[in-house]
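Residues in the sequence shown are numbered consecutively from 59, following this note's numbering. C-beta atoms are modelled at their ideal positions from N, C-alpha and C, and glycine is treated no differently. Written below as structure tokens is the structure these notes are about.
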Amino acid sequence: KQKNSSFLNLNHLRFHLHLSLSLSATLRSLSPISMIHFVLLISRQGKVRLTKWYSPYTQKERSKVIRELSGVILSRAPKLCNFVEWRGHKVVYKRYASLYFCMCIDDADNELEVLEMIHHFVEILDRYFGSVCELDLIFNFHKAYYILDELLIAGELQESSKKTVARLIAAQDSLVETAKEEASSLSNIIAQATK
């Protein structure tokens with residue numbers, strides 16, 4: 059009887075192990091985007107407003123990529139789809155006002171998910187700047203990079219909550235203001251002491 063019980067337990071364990079392995083294989087096959095290779099924001103005039111590289115590219119390669127993609131994306135008709143096959147990758151882009159937001163992904167990755175990530179990034183920029191425009195990104199580019207860094211780390215989605223990103227950005231702004239105030243008061247103390 060005890061031998062039969064241990065045999066059943068062993069079969070039970072084998073079943074759970076097989077089920078667990080099957081489930082993990084299924085989850086791996088359904089896994090989200092493996093990696094974003096780079097993010098580009100390009101104006102309608104072909105000026106680059108933001109770049110973030112998550113895969114290794116030399117400076118020469120980066121310039122070539124920007125030149126090629128600017129030519130391809132800016133020359134496409136507005137009614138065409140927002141996906142471009144390029145060098146064994148896919149470039150997903152979306153135009154908002156005068157800016158093209160572009161992300162490069164692997165060929166097998168989900169384009170619609172990346173399109174949603176672009177929209178998510180734009181919504182957070184809109185929430186932060188009011189209604190974001192190209193000038194906001196020119197004069198406050200460091201804020202745009204900070205927001206992007208809160209969303210993506212190493213080419214993968216880090217934070218999907220707009221509220222969390224807004225809270226983190228507000229905390230960063232508060233730290234910057236505190237540092238400015240402390241630097242200003244320190245400058246005043248030094249000026250007073252040297253008189």
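Other residues of its chain near residue i: CB distance less than 7 Å, five sequence neighbours each side excluded
| i | result |
| --- | --- |
| residue 154 | 180 |
| residue 156 | 101, 102, 192 |
| residue 79 | Here the model assigns residue 79 a pLDDT of 49, short of 50, so the residue's position is not dependable, and the following value carries that caveat. Closer than 7 Å at Cβ, skipping near neighbours: no residue. |
Chain-order list of residues whose beta-carbon lies under 6 Å from that of residue i (same chain, five-residue window excluded)
| i | result |
| --- | --- |
| residue 97 | 110, 161 |
| residue 182 | 205, 220, 223 |
| residue 85 | In this prediction, residue 85 has a pLDDT of 42, which is less than 50 and means its spatial position is unreliable; what the coordinates show is noted afterwards. Counting only Cβ-Cβ distances below 6 Å, and skipping sequence neighbours, we find nothing. |
Whether residue i touches residue j by CB criterion (9 Å)
| i | j | result |
| --- | --- | --- |
| residue 176 | residue 152 | yes |
| residue 226 | residue 208 | yes |
| residue 142 | residue 163 | no |
Assumed close pair residue i, residue j - CB separation to whole angstroms, cut-off 8 Å
| i | j | result |
| --- | --- | --- |
| residue 199 | residue 108 | 7 Å |
Test: residue i CB closer than 9 Å to a CB of chain B
| i | result |
| --- | --- |
| residue 131 | The chain inventory of the structure shown lacks chain B, comprising one protein chain alone. |
Residue from the options with nearest C-alpha to residue i
| i | options | result |
| --- | --- | --- |
| residue 127 | 159, 187, 137 | 159 |
| residue 215 | 138, 135, 172, 118 | 172 |
| residue 228 | 185, 247, 241, 248 | 185 |
| residue 144 | 135, 129, 243, 210 | 129 |
Beta-carbon contacts of residue i that lie in its chain and below 8 Å, excluding the five residues immediately before and after
| i | result |
| --- | --- |
| residue 212 | 93, 112 |
| residue 87 | Residue placement at residue 87 is poorly supported in this model, since its pLDDT is 46, which falls under 50; the coordinates still yield a value, given next. Contacts found: none. |
| residue 146 | 165 |
| residue 132 | 100, 102, 104, 158 |
What residue ranges within the region 110–192 form continuous beta strand (DSSP E) runs of no fewer than 3 residues, ordered along the chain? 141–144, 147–154, 157–164
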